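Protein chains in written order, with my numbering: chain A, 272 to 385; chain B, 34 to 147.
Each residue gets a CB set at the ideal place from its N, CA and C atoms; glycine is no exception.
All values derive from a computational prediction rather than experimental measurement.
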C-alpha cells in the first residue's frame, strides 16, 4: 500500500458528461501529480500541485482542470467527456519536488466513456 | 524536451532466465532515473532509482546502472520468477523547473512462464 488513495476505482460515464476524480496523498506529502495512462499515449503527465498551488502543467486539455485543497487532497475535473478520454488516471504524491524526489502512486481510477 | 525510450515489448521468458530491458533517455542537465513496476490491476511501484552518474540502483534482485556516457539505465535481473510478470517503466526526473514530474518510457510488458 503506497498510502495514496484514489476514488473511485472505476467510473463509467457518457460522452459530454463531467466527472471528478479524487486523490488523497500520503500523510505529510505536499505535492500531488496527476497522470493519464492510455494505450496509445502511454503515461502522460497532466498537472502538479504543491501545497495548494499549481507548479507544473503538462499535456492537460482545456476541458480538464484540477485543484489542491487546504487539507492537501486533490481533485481532477474532466468535462465534456469524449470517447478518447477513456484511460487510467493516476495520482501520485511526494514530500518534495526536487530531482531526487520519489513519487508514490495510487491504484488509479479507470474511466470509461461510452 | 525530455524523453525516455524503452525497448519494445512484450518480453517473454522462462523462469530463471536472465532479463534485460533497455532504457535510454534524453534530458538537459542531470536527471534522476527510476524504474517503476506495475502489476496487473495495480498502481505503479518504485522498483529502484539512481540519482547520479555511475550510481547503481538495486532492489528485489533487479539492478540498473546510471550511464551518463551512453545516456542509459538498463534494467537487469539474473534469474526471473513468474511473480516478476508485470509492466516495467523507465522514467526520469529532470529536476529544476520540472518540479518533480516524471517523464516515462512507453513501458515493457514482461511475461515469465514456469
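* Out of curiosity, what's the CA-to-CA distance linking residue 331 of chain A and residue 52 of chain B? -> Numbered from 1 along the first chain, position 60 holds the residue referred to as residue 331 of chain A. Numbered from 1 along the second chain, position 19 holds the residue referred to as residue 52 of chain B. Residue 331 of chain A and residue 52 of chain B: Cα-Cα distance of roughly 35 Å.
* Would residue 339 of chain A be called buried (16 or more neighbouring beta carbons within 10 Å of its own) or exposed? -> Within the first chain, numbered from 1, the residue matching residue 339 of chain A stands at position 68. When all chains shown are included, residue 339 of chain A counts as buried.
* Collapsed DSSP secondary structure at residue 57 of chain B in the structure displayed -> Reading the second chain from its first residue, position 24 is the one you call residue 57 of chain B. Correct three-state label for residue 57 of chain B: strand.
* residue 354 of chain A by DSSP, collapsed to three states: which one? -> Start at 1 with the first residue of the first chain, and residue 354 of chain A comes out as number 83. The answer is helix: DSSP assigns residue 354 of chain A an H, G or I state.
* Asked: Do we get a CB-CB distance below 8 Å when we pair residue 372 of chain A with the residues of chain B?
  -> As a first step, residue 372 of chain A is located in the first chain; it is residue number 101 there, counting from the start. Yes - at least one Cβ of chain B is within 8 Å of the one on residue 372 of chain A.
* Asked: Could you give the distance in angstroms between the alpha-carbon of residue 34 of chain B and the alpha-carbon of residue 275 of chain A?
  -> Translated into positions along the second chain, residue 34 of chain B becomes position 1. Translated into positions along the first chain, residue 275 of chain A becomes position 4. Taking the straight line joining both Cα atoms gives about 29 Å.
* Per-residue contacts from residue 369 of chain A into chain B (C-beta, under 7 Å) -> As a first step, residue 369 of chain A must be located in the first chain, where it is residue number 98. Those are 128 and 133, listed as they occur along chain B.
* Just the C-alpha distance for residue 120 of chain B and residue 80 of chain B, rounded to the nearest angstrom, thanks. => Taking the first residue of the second chain as position 1, residue 120 of chain B is located at position 87. Taking the first residue of the second chain as position 1, residue 80 of chain B is located at position 47. Spanning the two alpha carbons is a distance of roughly 11 Å.
* Asked: Between the stretch 101-119 of chain B and the stretch 132-139 of chain B, are three or more C-beta pairs nearer than 8 Å?
  -> no
* Kindly list, in the order they appear in chain A, the residues whose Cβ is closer than 8 Å to that of residue 140 of chain B. => Working through the second chain from its first residue, we reach residue 140 of chain B at position 107. By Cβ distance, chain A contributes 313 and 314.
* Please classify residue 115 of chain B: does DSSP put it in a helix, a strand, or coil? => Walking along the second chain from the start, residue 115 of chain B turns up at place 82. The answer is helix: DSSP assigns residue 115 of chain B an H, G or I state.
* To do: Scan the stretch 78-108 of chain B for residues whose Cβ lies nearer than 9 Å to a Cβ of chain A and list them as they occur along the chain.
  => 78, 79, 82 and 84
* Alpha carbon to alpha carbon, how far is residue 45 of chain B from residue 72 of chain B? -> As a first step, residue 45 of chain B is located in the second chain; it is residue number 12 there, counting from the start. As a first step, residue 72 of chain B is located in the second chain; it is residue number 39 there, counting from the start. Approximately 15 Å, taken between the alpha carbons.
* To do: Give the residues from the stretch 321-348 of chain A that approach chain B closer than 8 Å (Cβ to any Cβ), ordered along the chain.
  => 321, 326, 327 and 329
* Asked: Candidates A:335, A:375 and A:359: which alpha carbon is nearest residue 288 of chain A's?
  -> In the first chain, the residue the question calls residue 288 of chain A occupies position 17. It is A:335 whose Cα lies nearest to the Cα of residue 288 of chain A.
* Asked: Can you find at least 3 beta carbon pairs, one from the stretch 308-318 of chain A and one from the stretch 291-300 of chain A, that sit closer than 8 Å?
  -> no
* Among B:63, B:36 and B:93, which one has its Cα closest to the Cα of residue 99 of chain B? -> Stepping through the second chain from its first residue, residue 99 of chain B is reached at position 66. If we check each option's Cα against that of residue 99 of chain B, B:63 comes out closest.
* DSSP three-state call for residue 273 of chain A: helix, strand or coil? -> The sequence position of residue 273 of chain A within the first chain is 2, counting from 1. Looking at residue 273 of chain A - three-state DSSP - the assignment turns out to be coil, as it is neither helix nor strand.
* Would you decide whether residue 384 of chain A is buried or exposed? Buried here means 16 or more other CB atoms lie within 10 Å of its CB. => For the purposes of this step, residue 384 of chain A is identified with residue 113 of the first chain, where counting begins at 1. The residue is buried, with at least 16 neighbouring Cβ atoms inside 10 Å.
* Asked: How is residue 329 of chain A classed by DSSP in three states: helix, strand or coil?
  -> The sequence position of residue 329 of chain A within the first chain is 58, counting from 1. Looking at residue 329 of chain A - three-state DSSP - the assignment turns out to be coil, as it is neither helix nor strand.
* To do: Would you mind reading off the limits of the beta strand (DSSP E) that contains residue 105 of chain B?
  => The residue given as residue 105 of chain B occupies position 72 in the second chain. No beta strand (DSSP E) holds residue 105 of chain B; DSSP gives it neither H nor E.
* To do: Consult DSSP for residue 345 of chain A and reduce its assignment to one of helix, strand or coil.
  => Translated into positions along the first chain, residue 345 of chain A becomes position 74. Residue state, collapsed to three classes: strand.
* Asked: Under a CB-based cut-off of 8 Å, is residue 307 of chain A close to chain B?
  -> For the purposes of this step, residue 307 of chain A is taken as residue 36 along the first chain, with counting starting at 1. By this cut-off, residue 307 of chain A is not an interface position.
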